[in-house]
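Numbering (this note's numbering), first residue to last: 306 to 733.
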């Protein structure tokens, strides 16, 4: 009898000593499902799923993340982020603030005094304080710009956070970023850019995720925000908001074949730019992007703004901010071809259907199945009717029809699903 108890106890110990992850799905090995948006074109997007055991990392701080990224190498790799990683830290892991980056005598008070439009005028800032600002900005960039190379998967474990950093996929391909709360890519040293005939604006340096010359990228179940340092709490200088954040996810410089799914964009001004500028004609035939099952909550504009690209926008949920700051959601710019279907918009009383679309040199927008506060509407017809005095009418023919996509639900069904399922920490 005693022997039997010993054997039973040993068995129970073995049972409870199994690793916590035993039998659990390894999302680091996941690849983009077939037909899931533009990133599924051709050979699809597999990220670092082929990484060998020596190139699978679990990182808990900036130093570990930098080592795992390996300078943006194209070696297949899986990087698992655990806990909260702060990009604004030194090599010993100690936090750095803006004063730690300031150099060569830079002071904001001196910068404001030097380039006040009332005395400086409309010329581009130059001289000692602008040179000091640039030197200080370079010091911060060395810390917070995190280069992601080809054949890489970055995933968060549980409720993982990356704060203060800018993930940059530059001229690389086959990248997956999933299940990660990426927040507060905070620029310590915005630059004042005067405008001809006007005051100007403050310009910032860091997108939370920046795809530049990138191909085959899947961004899934991420949360992107300014949490920690919202721009709404920043002061006003030169009668302009002193912005500290750039885009949440910008897709530029000929990037192509991108799928963004089940992600949350929150509490931000300019959320997503697809295409650099109206003069970037080299983007023709590229910038093919799919956005599906994403939530845009309290986003002022660019959700997205598109130049040149063929962009499929379906089954997304928009919760438009109140107040006077809201500008638009869908931006139709030069030669863009947005195919929007079955999206749901929730707005406060002062925002009308005609406010949801803004056109700059755009010519076409396909839309169907749109819900506005629970009611079906025709975004195109209403835009043309109410904005014809200031913008040219848009046609419904965007010149293409999406074929790479998952099941397209009704806007009503997708609205419920996205409200409960989009963002980091909500992997199925």
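We put the CB at the ideal spot given by N, CA and C, even for glycine. No experiment lies behind these values; they were computed from the predicted model shown.
Which same chain residues end up closer than 8 Å to residue i when comparing Cβ atoms and leaving out the 5 residues on each side of it in sequence?
{"i": "residue 540", "result": "547"}
{"i": "residue 616", "result": "579, 592, 593, 594, 595, 596, 609, 641, 642, 643 and 644"}
{"i": "residue 589", "result": "613 and 640"}
{"i": "residue 733", "result": "726"}
{"i": "residue 360", "result": "353, 380, 381, 382 and 383"}
{"i": "residue 690", "result": "659"}
{"i": "residue 318", "result": "Here the model assigns residue 318 a pLDDT of 34, short of 50, so the residue's position is not dependable, and the following value carries that caveat. Closer than 8 Å at Cβ, skipping near neighbours: no residue."}
Please go through the same chain and pick out, in chain order, the residues whose beta-carbon is closer than 6 Å to the beta-carbon of residue i, but skip the five residues on each side of it.
{"i": "residue 557", "result": "517 and 581"}
{"i": "residue 353", "result": "381, 382, 383, 456, 457 and 458"}
{"i": "residue 566", "result": "525, 597 and 598"}
{"i": "residue 630", "result": "605"}
{"i": "residue 624", "result": "602 and 651"}
{"i": "residue 677", "result": "650 and 658"}
{"i": "residue 707", "result": "617 and 644"}
{"i": "residue 434", "result": "415, 416 and 419"}
{"i": "residue 363", "result": "385 and 387"}
Name the two residues that bound the continuous alpha helix (DSSP H) containing residue i.
{"i": "residue 655", "result": "Per DSSP, residue 655 belongs to no alpha helix (DSSP H) and is neither H nor E."}
{"i": "residue 622", "result": "No alpha helix (DSSP H) holds residue 622; the beta strand (DSSP E) holding it covers 622 to 624."}
{"i": "residue 425", "result": "422 to 425"}
{"i": "residue 485", "result": "Looking at the DSSP string, residue 485 is not in any alpha helix (DSSP H), and its letter there is neither H nor E."}
{"i": "residue 370", "result": "367 to 374"}
{"i": "residue 449", "result": "433 to 449"}
Answer with buried or exposed for residue i, where buried requires no fewer than 16 other C-beta atoms within 10 angstroms of its C-beta.
{"i": "residue 495", "result": "buried"}
{"i": "residue 504", "result": "exposed"}
{"i": "residue 316", "result": "Reliability fails at residue 316, whose pLDDT of 38 lies under 50, so the model's placement of it is uncertain and the value that follows must be treated cautiously. Classification of residue 316: exposed, given that the 10 Å Cβ count is below 16."}
{"i": "residue 735", "result": "Only positions 306 to 733 of the chain appear in this structure, which leaves residue 735 out of reach."}
{"i": "residue 323", "result": "Residue placement at residue 323 is poorly supported in this model, since its pLDDT is 33, which falls under 50; the coordinates are not used for a value here."}
{"i": "residue 421", "result": "exposed"}
{"i": "residue 313", "result": "Confidence at residue 313 is low in this model, with a pLDDT of 34, below 50, so the placement of that residue is unreliable and no value is reported for it."}
{"i": "residue 497", "result": "buried"}
{"i": "residue 560", "result": "buried"}
{"i": "residue 672", "result": "buried"}
{"i": "residue 575", "result": "buried"}
{"i": "residue 611", "result": "buried"}
{"i": "residue 537", "result": "exposed"}
Who are the Cβ neighbours of residue i in its own chain at under 7 Å, not counting the five residues just before and after it?
{"i": "residue 491", "result": "469, 534, 549 and 550"}
{"i": "residue 327", "result": "Low per-residue confidence applies at residue 327: pLDDT is 39, beneath 50, and the placement is therefore not dependable, though the value from the model is reported in the following sentence. Same-chain partners within the cutoff: there are none."}
{"i": "residue 444", "result": "406 and 408"}
{"i": "residue 400", "result": "391, 393 and 394"}
Output yes if chain C places a C-beta closer than 8 Å to the C-beta of residue i; else output no.
{"i": "residue 338", "result": "As a matter of chain content, chain C is missing from the structure shown, which is built from one protein chain."}
Quick one: give me the first and last residue of the beta strand (DSSP E) that residue i is part of.
{"i": "residue 248", "result": "Because the chain spans 306 through 733 in this model, residue 248 falls outside it and cannot be assessed."}
{"i": "residue 686", "result": "Looking at the DSSP string, residue 686 is not in any beta strand (DSSP E); the run it does join, the alpha helix (DSSP H), is 684 to 692."}
{"i": "residue 595", "result": "594 to 597"}
{"i": "residue 405", "result": "Note, residue 405: premise wrong, no beta strand (DSSP E); alpha helix (DSSP H) at 403 to 406."}
{"i": "residue 417", "result": "It is not in any beta strand (DSSP E) - residue 417 instead sits in the alpha helix (DSSP H) that spans 413 to 419."}
{"i": "residue 645", "result": "642 to 646"}
{"i": "residue 635", "result": "635 to 637"}
{"i": "residue 350", "result": "Counting along the chain, residue 350 falls outside any beta strand (DSSP E), and DSSP gives it neither H nor E."}
{"i": "residue 494", "result": "Taken as a continuous stretch (DSSP letters only), residue 494 belongs to no beta strand (DSSP E), as it is neither H nor E."}
{"i": "residue 619", "result": "615 to 619"}
{"i": "residue 391", "result": "382 to 391"}
>> Going residue by residue through the segment 506 to 574, where are the continuous beta strand (DSSP E) segments of at least 3 residues, counting only ones entirely within it?
In response: For the segment 506 to 574, whole beta strand (DSSP E) runs of length 3 or above, ordered along the chain, are 514 to 517, 520 to 525, 528 to 530, 554 to 557 and 561 to 566.
> Taking one C-beta from the segment 371 to 380 and one from the segment 622 to 636 each time, how about it: are there three or more such pairs within less than 8 Å?
Replying inline: Between the segment 371 to 380 and the segment 622 to 636 there are fewer than three inter-stretch CB-CB distances shorter than 8 Å, so the stretches are not counted as touching.
>> Any contact between the segment 407 to 415 and the segment 386 to 396? By contact I mean 3 or more CB pairs, one from each, below 8 Å.
In response: Short answer: they don't touch.
> Is the segment 473 to 481 in contact with the segment 425 to 439, if contact means three or more CB pairs nearer than 8 Å?
Replying inline: No, the segment 473 to 481 is not in contact with the segment 425 to 439.
> Are three or more beta carbon pairs between the segment 661 to 670 and the segment 720 to 732 nearer than 8 Å?
Replying inline: Cβ pair count under 8 Å is below three, so no.
> Can at least three beta-carbon pairs, one atom from the segment 424 to 436 and one from the segment 394 to 404, be found at a separation below 8 Å?
Replying inline: By the Cβ criterion, the segment 424 to 436 is not in contact with the segment 394 to 404, since fewer than three pairs of Cβ atoms, one from each stretch, lie closer than 8 Å.
> Fully enclosed by the segment 450 to 478, which beta strand (DSSP E) runs are 3 residues long or longer?
Replying inline: Listed in chain order, the beta strand (DSSP E) elements of length 3 or more contained wholly in the segment 450 to 478 are 450 to 452, 457 to 468 and 471 to 475.
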